[in-house]
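**Student:** Sequential numbering from 9 applies to the sequence shown in our numbering.
Here's a structure for you.
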Amino acid sequence: MWISRLLQIKRPYTPLLIVLLLMPITSLARNVTLIYDDNSRYQTHFVNSLSNQLLSNTHVNLTTITTALLSIETLKKEPGDIIVNVNNDTIKKLIASNIPTTVFHALATLSRSISFAPCLPDCIKALPNHHFFILDQPPNRQLNLIQLINPTFKDVGVLVTEQSKNQLMPLQKIASRKKLRIHEDVGNSKNVRYKIDAISKSSDVILAIADTNIYNATSLSQILLTSYRYRTPVIGFSKGFIRAGALAGTVSTIEQLAQHIAEAIVELSSSHKPLATSIIHPKYFSVISNRNVAKSLHLHFPNDNELKEQLMTYESIQ
Numbered sequence: 009m010w011i012s013r014l015l016q017i018k019r020p021y022t023p024l025l026i027v028l029l030l031m032p033i034t035s036l037a038r039n040v041t042l043i044y045d046d047n048s049r050y051q052t053h054f055v056n057s058l059s060n061q062l063l064s065n066t067h068v069n070l071t072t073i074t075t076a077l078l079s080i081e082t083l084k085k086e087p088g089d090i091i092v093n094v095n096n097d098t099i100k101k102l103i104a105s106n107i108p109t110t111v112f113h114a115l116a117t118l119s120r121s122i123s124f125a126p127c128l129p130d131c132i133k134a135l136p137n138h139h140f141f142i143l144d145q146p147p148n149r150q151l152n153l154i155q156l157i158n159p160t161f162k163d164v165g166v167l168v169t170e171q172s173k174n175q176l177m178p179l180q181k182i183a184s185r186k187k188l189r190i191h192e193d194v195g196n197s198k199n200v201r202y203k204i205d206a207i208s209k210s211s212d213v214i215l216a217i218a219d220t221n222i223y224n225a226t227s228l229s230q231i232l233l234t235s236y237r238y239r240t241p242v243i244g245f246s247k248g249f250i251r252a253g254a255l256a257g258t259v260s261t262i263e264q265l266a267q268h269i270a271e272a273i274v275e276l277s278s279s280h281k282p283l284a285t286s287i288i289h290p291k292y293f294s295v296i297s298n299r300n301v302a303k304s305l306h307l308h309f310p311n312d313n314e315l316k317e318q319l320m321t322y323e324s325i326q
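Quick look at the structure:
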């Protein structure tokens, strides 16, 4: 029946309509280009996880390019619909290229991202096509965790550098609503030892910001020892940090980060609406705590799964 009706349509349009009707569904899929450094186990793990999550989606065609083979000129000619970049060193090149394609940058901290895009956290006007899926946990989640661990904590110490100090204002706004006080100090890699001493004295708990100028392999042990001497717990931002002596923290695994990106790709592919924000914090997370540290500080709080459930409940009703 529908074929006879189709044949009745004027001939000039008939070939086009037949092509559209017979066109395979995959040809309507969004073309996603993944850029990564195959010498990095961390990036390769992420790419494999993201690829697996998108494997069964017929609306996404996935292509991978290693940084060694990346050509910006070639990419400009065939940019695809979405570019997912998981290599920090490629961020600057992609921004400078002015490719009009939507670009998702992943696996970078906010502090590192700002070094490439100073307009952050809001680059919608300056860099409307670039969106940063950062590693940093949202401030609201971190402060909620602090209050769940000990509701009597009121003074939160935060140490930043010039590169990360613009994270203070949003943190202060959220803290004010929660009736928490932020004791901030701006330091650098040279005076971090003295700054952490002052912060530990004046605070109930220290919230560590992911800034490698402060928290790195050289300074971490000294920071933890100093805070422990004043019995001031530290909320860390990575599994290794917490295992080394921080009290607790919310962290996102590679699989959780990849799941978030995969969902964003599918949503963008189906809605065709651009993301409204430049910065996207991790959607999925786990809570990790160091119970030996908690015991030595005489702190008693719910187990990690219970803490996560409570945090998820808070976020679902906001």
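We put the beta carbon where it would ideally sit given N, CA and C, even for glycine.
The model shown is predicted, which means the values in this text are computed figures rather than measured ones.
Just to confirm the assignment, what range does the alpha helix (DSSP H) spanning Pro-234 have?
**Tutor:** Within the sequence shown, numbered from 1, the residue matching residue 234 stands at position 226. Contrary to the premise, residue 234 reads as Thr rather than Pro in this sequence. That run of the alpha helix (DSSP H) goes 228–237.
**Student:** When the Cα atoms are used, what is the spatial distance from Ile-190 to Val-166?
**Tutor:** In the sequence shown, residue 190 corresponds to position 182, counting from 1. In the sequence shown, residue 166 corresponds to position 158, counting from 1. Rounded to whole angstroms, Ile-190 and Val-166 show a C-alpha spacing of 7 angstroms.
**Student:** Under 8 angstroms by Cβ, that's how I've got Asn-174 and Asn-196 pegged, so tell me the actual separation to the nearest angstrom.
**Tutor:** Here residue 174 corresponds to residue number 166 of the sequence shown, with the count starting at 1. Here residue 196 corresponds to residue number 188 of the sequence shown, with the count starting at 1. Going by Cβ atoms, the distance from Asn-174 to Asn-196 rounds to 16 angstroms, so no, they are not a contact pair.
**Student:** Applying the 10 Å Cβ sphere with the 16-neighbour rule, what's the burial state of Ile-325?
**Tutor:** Stepping through the sequence shown from its first residue, residue 325 is reached at position 317. Flag for Ile-325 reads exposed.
**Student:** Where does Glu-275 fall in DSSP's three states?
**Tutor:** Residue numbering aside, residue 275 sits at position 267 when the sequence shown is read from its first letter. Of the three classes helix, strand and coil, the one that applies to Glu-275 here is helix, per DSSP.
**Student:** Would you say the segment 34–48 touches the segment 80–95, given that touching needs at least three Cβ pairs under 8 angstroms?
**Tutor:** yes
**Student:** Looking only at DSSP bridge pairs, what is Ser-297 linked to?
**Tutor:** Here residue 297 refers to the residue found at position 289 when the sequence shown is read from its first residue. Note: Ser-297 is bridge-paired with Ala-256 in the DSSP secondary-structure output.
**Student:** With H, G and I counted as helix, E and B as strand and the rest as coil, what does DSSP make of Val-166?
**Tutor:** If you number the sequence shown from 1, residue 166 lands on position 158. Residue state, collapsed to three classes: strand.
**Student:** So what does Leu-215 bridge to, in DSSP terms?
**Tutor:** Taking the sequence shown and counting its residues from 1, one reaches residue 215 at position 207. Partner(s): Ile-243.
**Student:** Please say whether His-280 and Phe-141 have beta carbons closer to each other than 8 angstroms?
**Tutor:** Sequence index remark: in the sequence shown, residue 141 carries index 133 (1-based). Sequence index remark: in the sequence shown, residue 280 carries index 272 (1-based). No.
**Student:** Classify Leu-321 as helix, strand or coil using the three-state DSSP reduction.
**Tutor:** As a position in the sequence shown, residue 321 is number 313, starting the count at 1. For clarity, residue 321 is Thr in the given sequence; the question names Leu instead. Three-state DSSP puts Thr-321 in a helix.
**Student:** Roughly how many whole angstroms lie between the Cα atoms of Pro-146 and His-289?
**Tutor:** For this step, residue 146 is matched to residue 138 along the sequence shown. For this step, residue 289 is matched to residue 281 along the sequence shown. Distance between the alpha carbons of Pro-146 and His-289: 6 angstroms.
**Student:** How would you call Gln-51, buried or exposed, if buried means at least 16 neighbouring beta carbons within 10 angstroms?
**Tutor:** Taking the sequence shown and counting its residues from 1, the one referred to as residue 51 is at position 43. Burial call: buried.
**Student:** So, are the CB atoms of Leu-102 and Thr-258 less than 8 angstroms apart?
**Tutor:** Position 94 of the sequence shown, counted from the first residue, corresponds to residue 102. Position 250 of the sequence shown, counted from the first residue, corresponds to residue 258. It is not a contact, given that the beta carbons lie outside the stated cut-off.
**Student:** Can you give the Cα-Cα distance for Leu-305 and Ala-272, rounded to whole angstroms?
**Tutor:** On the sequence shown, position 297 is the one that residue 305 refers to. On the sequence shown, position 264 is the one that residue 272 refers to. If you take the alpha carbons of Leu-305 and Ala-272, they lie about 41 angstroms apart.
**Student:** Could you tell me the distance, in whole angstroms, from the CA atom of Asn-47 to the CA atom of Thr-74?
**Tutor:** The residue you call residue 47 lines up with position 39 of the sequence shown. The residue you call residue 74 lines up with position 66 of the sequence shown. Whole-angstrom Cα-Cα distance: 9 angstroms.
**Student:** Spatial neighbours of Thr-98 within its chain, please: C-beta separation below 8 angstroms, excluding the five flanking residues on both sides.
**Tutor:** The count along the sequence shown starts at 1 and reaches residue 98 at position 90. Result list for Thr-98: Ile-43, Thr-75 and Leu-78, in chain order.
**Student:** Between Glu-317, Lys-316 and Ser-297, which has its C-alpha nearest His-308's C-alpha?
**Tutor:** Sequence index remark: in the sequence shown, residue 308 carries index 300 (1-based). Of Glu-317, Lys-316 and Ser-297, the residue nearest in Cα terms is Ser-297.
**Student:** Mark Met-320 as exposed unless 16 or more other C-beta atoms lie within 10 angstroms of its C-beta, in which case mark it buried.
**Tutor:** Along the sequence shown, one-based indexing puts residue 320 at 312. Classification of Met-320: exposed, given that the 10 Å Cβ count is below 16.
**Student:** How is the alpha helix (DSSP H) around Leu-62 delimited, first residue to last?
**Tutor:** In the sequence shown, counting from the first residue as 1, residue 62 sits at position 54. Start and end: 49–62.
**Student:** Compute the distance between the beta-carbons of Leu-233 and Ala-302, then report whether it is under 8 angstroms.
**Tutor:** Here residue 233 refers to the residue found at position 225 of the sequence shown. Here residue 302 refers to the residue found at position 294 of the sequence shown. It is not a contact, given that the beta carbons lie outside the stated cut-off.
**Student:** Taking only three categories from DSSP, how would you classify Glu-192?
**Tutor:** Walking along the sequence shown from the start, residue 192 turns up at place 184. Residue state, collapsed to three classes: strand.
**Student:** So, with DSSP's three-state summary, where would you put Val-94?
**Tutor:** Against the sequence shown, residue 94 aligns to sequence position 86. Coil, per DSSP.
**Student:** Would you kindly report the start and end of the unbroken beta strand (DSSP E) that includes Thr-82?
**Tutor:** As a position in the sequence shown, residue 82 is number 74, starting the count at 1. First-last for Thr-82: 80–85, but that is the alpha helix (DSSP H), not the beta strand (DSSP E).
**Student:** Short of 8 angstroms in beta carbon distance, which residues of its chain neighbour Pro-310, apart from the five on each side in sequence? Order them along the chain.
**Tutor:** For the purposes of this step, residue 310 is taken as residue 302 along the sequence shown, with counting starting at 1. Result list for Pro-310: Leu-156 and Gln-318, in chain order.
**Student:** So, using beta-carbon positions, are His-139 and Leu-283 closer together than 8 angstroms?
**Tutor:** Counting from 1 along the sequence shown, the entry for residue 139 is found at position 131. Counting from 1 along the sequence shown, the entry for residue 283 is found at position 275. Yes, the Cβ-Cβ distance between His-139 and Leu-283 is below 8 angstroms.
**Student:** With Tyr-44 as the anchor, note down where its alpha helix (DSSP H) starts and where it stops.
**Tutor:** The residue labelled residue 44 in the question sits at position 36 within the sequence shown. Segment 38–44 is the beta strand (DSSP E) holding Tyr-44; no alpha helix (DSSP H) there.
**Student:** Tell me which same chain residues have a C-beta within less than 6 angstroms of the C-beta of Leu-143, skipping the five on either side of it?
**Tutor:** To locate residue 143, count along the sequence shown from 1; it is residue 135. Taken in chain order, the residues that qualify are Thr-117.
**Student:** Within the continuous beta strand (DSSP E) that includes Asn-115, where are the two ends?
**Tutor:** The residue given as residue 115 occupies position 107 in the sequence shown. The question names Asn, but residue 115 in the sequence shown is Leu. Note, Leu-115: beta strand (DSSP E), 110–116.
**Student:** If you reduce the DSSP assignment to three classes, tell me which class Ile-154 lands in.
**Tutor:** Translated into the one-based positions of the sequence shown, residue 154 becomes position 146. Correct three-state label for Ile-154: helix.
**Student:** Where do the ends of the alpha helix (DSSP H) carrying Leu-179 lie?
**Tutor:** Residue mapping note: residue 179 aligns to position 171 of the sequence shown, counting from 1. From DSSP, the alpha helix (DSSP H) with Leu-179 extends over 176–185.
**Student:** Would you call Gly-253 buried or exposed, if buried means 16 or more other Cβ atoms sit within 10 Å of its Cβ?
**Tutor:** Translated into positions along the sequence shown, residue 253 becomes position 245. Under a 10 Å Cβ-count criterion, Gly-253 is classified as buried, with 16 or more other Cβ atoms of the shown protein chains found around its own Cβ.
**Student:** Would Gln-264 and Leu-215 qualify as a contact pair, given that the criterion is a beta-carbon distance under 8 angstroms?
**Tutor:** Locating residue 264 in the sequence shown gives position 256, counting from the first residue. Locating residue 215 in the sequence shown gives position 207, counting from the first residue. It is not a contact, given that the beta carbons lie outside the stated cut-off.
**Student:** Under 8 angstroms, do Asp-193 and Lys-203 count as touching if we go by C-beta distance?
**Tutor:** As a working note, residue 193 is residue 185 in the sequence shown. As a working note, residue 203 is residue 195 in the sequence shown. Yes; because the gap between Cβ atoms is below 8 angstroms, this pair is in contact.
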